[in-house]
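Quick note: the sequence shown uses our numbering, first residue 21, plus one each step. Note that the Cβ used here is the ideal one computed from N, Cα and C, for glycine as well.
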Amino acid sequence: MVSNMPAPEIAIDYWRLPPDAKLLDVMYAVRSDETTHRFVNHSLANLNPSTDVNPFALREPDMHVKGRKIAFDRDEAAQYVKESHALMEKSYLAGDEPLPSQKL
Numbered sequence: 021m022v023s024n025m026p027a028p029e030i031a032i033d034y035w036r037l038p039p040d041a042k043l044l045d046v047m048y049a050v051r052s053d054e055t056t057h058r059f060v061n062h063s064l065a066n067l068n069p070s071t072d073v074n075p076f077a078l079r080e081p082d083m084h085v086k087g088r089k090i091a092f093d094r095d096e097a098a099q100y101v102k103e104s105h106a107l108m109e110k111s112y113l114a115g116d117e118p119l120p121s122q123k124l
């Protein structure tokens, strides 16, 4: 049964799983990764490439967002970009890190 079979070493290394990971852990990792691909691809397909901004250029949504939605629609993508900018500015003003344009 997959819940008891040890994960292959290559899967442990690739997915950064704990040394005692099981094959079931690998399946969860793969499913999570595919969910990310689905979410990003469907979200980008909803955008107008001439006018909309890539919402994933600055950060990636967490698993709670990606696990509950198939994709961002255009308005959600625009809102996510605004939130990303606000988070970056807050971090910059707090002195945590430079803005990306200042990292050169």
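Check: Provide the residue span of the alpha helix (DSSP H) that contains Thr55, from first to last.; Outcome: Leu43 to Ala65
Check: In the segment 74-103, which residue ranges form an unbroken alpha helix (DSSP H) of at least 4 residues, counting only runs that do not cross its ends?; Outcome: 83-86
Check: Using CA atoms only, rank isn't needed, just tell me which of Ile30, Arg94, Glu109 and Pro26 is closest to Ser70.; Outcome: Arg94
Check: Evaluate contact between the segment 94-108 and the segment 65-82, counting only Cβ atoms and requiring at least three cross-stretch pairs below 8 Å.; Outcome: yes
Check: Ser23: which of Leu43, Val85 and Ser63 sits nearest, CA to CA?; Outcome: Leu43
Check: Flag this pair as yes or no: are the beta carbons of Asp53 and Ala27 separated by less than 8 Å?; Outcome: no
Check: Output needed for Asp40: all residues of its chain with C-beta closer than 8 Å, excluding positions within five of it in sequence on either side, in chain order.; Outcome: Pro26
Check: How far does the alpha helix (DSSP H) with Asp33 in it extend, from its first residue to its last?; Outcome: Glu29 to Trp35
Check: Assuming Arg79 contacts Ser104 under a Cβ cut-off of 8 Å, what Cβ separation, rounded to an integer in Å, is found between them?; Outcome: 5 Å
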